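Novice:
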Amino acid sequence: ASSSISNTGFGSRPERPCIVVLGSGWGGYIFAKSVDRTKYDVRIISPSNHFLFTPLLPSSAVGTLEFRAIQEPIRTIQGLSEFYHAKATSVDFG
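Position one of the sequence shown corresponds to residue 134 (the working numbering), numbered consecutively onward.
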């Protein structure tokens with residue numbers, strides 16, 4: 134079963150322009166944290182609800198670090214409008 138999220142799927146039109154970030158990896162996470170949320174409505178679509186700092190993953194595997202020290206939940210991004218736990222399969226720019 135597939136579904137699509139269109140611009141009408143976001144509810145009422147926000148008073149600020151909407152930025153949709155696809156993915157919560159390095160680029161998506163850092164970008165979402167750095168956007169000025171007084172100017173933009175930021176929403177994230179990602180199959181993963183956390184950011185994982187992968188360079189420290191081996192340290193977690195051998196017990197040097199706890200796993201919770203190398204992951205950051207998406208909900209900790211201050212001012213994030215919405216998070217969609219989904220996977221984007223296509224994008225319609227029209």
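All C-beta atoms in this analysis are idealised placements derived from N, C-alpha and C, irrespective of residue type, glycine included. From a predicted model like this one, the values you see are computed outputs, not experimental measurements.
(1) Using 10 angstroms around the beta-carbon of residue 210, count the other beta-carbons present and answer buried if the total reaches 16, otherwise exposed.
(2) With a threshold of 6 Å on Cβ separation, who are the neighbours of residue 214 within its own chain once the five nearest residues in sequence on each side are excluded?
(3) When you compare only the Cα positions, how much space is there between residue 170 and residue 154?
(4) Over the uninterrupted beta strand (DSSP E) stretch that includes residue 162, give me the two end residues.
(5) Distance, Cα to Cα, residue 206 vs residue 195?
(6) Quick check on residue 202: buried or exposed, where buried means 16 or more other Cβ atoms within 10 Å of its Cβ?
(7) Residue 200 and residue 208 look like a contact to me (Cβ under 8 Å); what is the Cβ gap, rounded to whole Å?
(8) Would the beta-carbon of residue 157 fall within 8 Å of that of residue 192?
(9) Under a Cβ-count criterion, where at least 16 other Cβ atoms within 10 Å of its own Cβ denotes burial, should residue 167 be classed as buried or exposed?
Specialist: In brief:
(1) Position 77 of the sequence shown, counted from the first residue, corresponds to residue 210. Buried: at least 16 other Cβ atoms inside 10 Å.
(2) For the purposes of this step, residue 214 is taken as the residue at position 81 of the sequence shown. Result list for residue 214: 174, 175 and 176, in chain order.
(3) The residue given as residue 170 occupies position 37 in the sequence shown. The residue given as residue 154 occupies position 21 in the sequence shown. The alpha-carbon atoms of residue 170 and residue 154 are separated by roughly 13 Å.
(4) For the purposes of this step, residue 162 is taken as the residue at position 29 of the sequence shown. It is not in any beta strand (DSSP E) - residue 162 instead sits in the alpha helix (DSSP H) that spans 159-167.
(5) In the sequence shown, the residue the question calls residue 206 occupies position 73. In the sequence shown, the residue the question calls residue 195 occupies position 62. One C-alpha to the other measures close to 22 Å.
(6) The residue given as residue 202 occupies position 69 in the sequence shown. That one is exposed.
(7) Here residue 200 corresponds to residue number 67 of the sequence shown, with the count starting at 1. Here residue 208 corresponds to residue number 75 of the sequence shown, with the count starting at 1. Contact flag wrong, Cβ pair sits at about 17 Å.
(8) What you label residue 157 is simply residue 24 of the sequence shown in a count that begins at 1. What you label residue 192 is simply residue 59 of the sequence shown in a count that begins at 1. It is not a contact, given that the beta carbons lie outside the stated cut-off.
(9) Looking up residue 167 in the sequence shown gives position 34. Residue 167 should be labelled exposed.
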